[in-house]
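J.: For the sequence shown, my numbering gives the first residue as 48, with consecutive numbering after it.
Note that the Cβ used here is the ideal one computed from N, Cα and C, for glycine as well.
Take this structure first; my questions come after.
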Amino acid sequence: MHEPLPDAALDQLFREARTYQWFDGREVTDSQLAAIWDLMKMGPTSMNQLPARIVWCKSDEAKARLAGHAFEGNVEKIKQAPVCAIIAMDEEFHEHLPRFAPHMDNPKAAFAGEEKRAARKTSAFRNGTLQGGYFIMAARALGLDCGPMSGFDNEAVDADFFADEPAWKSNFICSVGYGDPEKVFPRAPRPSFEDFNRLL
Numbered sequence: 048m049h050e051p052l053p054d055a056a057l058d059q060l061f062r063e064a065r066t067y068q069w070f071d072g073r074e075v076t077d078s079q080l081a082a083i084w085d086l087m088k089m090g091p092t093s094m095n096q097l098p099a100r101i102v103w104c105k106s107d108e109a110k111a112r113l114a115g116h117a118f119e120g121n122v123e124k125i126k127q128a129p130v131c132a133i134i135a136m137d138e139e140f141h142e143h144l145p146r147f148a149p150h151m152d153n154p155k156a157a158f159a160g161e162e163k164r165a166a167r168k169t170s171a172f173r174n175g176t177l178q179g180g181y182f183i184m185a186a187r188a189l190g191l192d193c194g195p196m197s198g199f200d201n202e203a204v205d206a207d208f209f210a211d212e213p214a215w216k217s218n219f220i221c222s223v224g225y226g227d228p229e230k231v232f233p234r235a236p237r238p239s240f241e242d243f244n245r246l247l
């Protein structure tokens, strides 16, 4: 039987974790990025769809390319981050379902065909976004900080980075590193349970 995590872990994951837009310059290694993936892939998705696809922009060249498609306020945030990940989703994820959902009888059929394209896109977005949340929590669990962003031209990013994978579509981008606590905003208010919850 599982026990609640200690307060220190809950603080690191939630209560004291912040969105960081600026970092202290320490390197993030390839093995750390692989460790994020190895944690986030364990989070649940519908039918084990696992539609998330990630491009890790580590080099100055890759970050400059990505920054070229960002809104003005995000350009320097991308360039100065140790790593900036493009969190994308594969709208043809169903092609991999025989591998990832072997417990099901012909799982690919549930999403195959042109008439099911809209359902594929909806499911890829929903489950890919879930995996994006797991990405952030995995990075925090490994002692890293994140700065998720949505201020960029999705179509331009897709054309630049996914020309060879046209079914991959960008969802959001997320900088990863060791956050600079001197450059973080005060925490904004959060609602109480009573504000937005109903018990029926």
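Tell me the rounded alpha-carbon separation between H141 and R100.
T.: Looking at the two C-alpha atoms, the distance is approximately 14 Å.
J.: With a CB to CB cut of under 7 Å and the five nearest residues on each side skipped, what residues in its chain are close to K163?
T.: For K163, where only same-chain residues beyond five positions count, there are no Cβ hits under 7 Å.
J.: I think V130 touches L80, with their Cβ atoms under 8 Å apart; what is that distance to the nearest whole Å?
T.: 7 Å between Cβ atoms; contact.
J.: Label F243 either buried or exposed according to how many other C-beta atoms from any shown protein chain fall within 10 Å of its C-beta, with 16 as the threshold for buried.
T.: So F243 counts as exposed.
J.: Pick out the complete beta strand (DSSP E) segments inside the region 182–223, 3 residues or longer, and give them in chain order.
T.: The region 182–223 contains these whole beta strand (DSSP E) runs: 192–196.
J.: Keeping to the same chain, check which residues put their C-beta closer than 7 Å to that of L60; ignore five residues upstream and five downstream.
T.: M184, R187, A188.
J.: Just the C-alpha distance for F240 and D107, rounded to the nearest angstrom, thanks.
T.: When rounded, the distance between both Cα atoms is 43 Å.
J.: Could you check if E138 is buried or exposed, using at least 16 other CB atoms within 10 Å of its CB as the buried criterion?
T.: Per the 10 Å Cβ criterion, buried.
J.: Hey, out of Q178, A117, R167, L247, whose CA is closest to D205's CA?
T.: If we check each option's Cα against that of D205, A117 comes out closest.
J.: What does a CB cutoff of less than 6 Å around L144 pick up in its chain, not counting 5 residues either side in sequence?
T.: Cβ within range, chain order: P154, K155.
J.: Taking the beta carbon of R167 as the centre, do at least 16 other beta carbons fall within 10 Å, making it buried, or is it exposed?
T.: Label assigned to R167: buried.
J.: Taking the Cβ atom as the reference point for each residue, do G179 and N218 lie within a distance shorter than 8 Å?
T.: For G179 and N218, yes; Cβs fall inside 8 Å.
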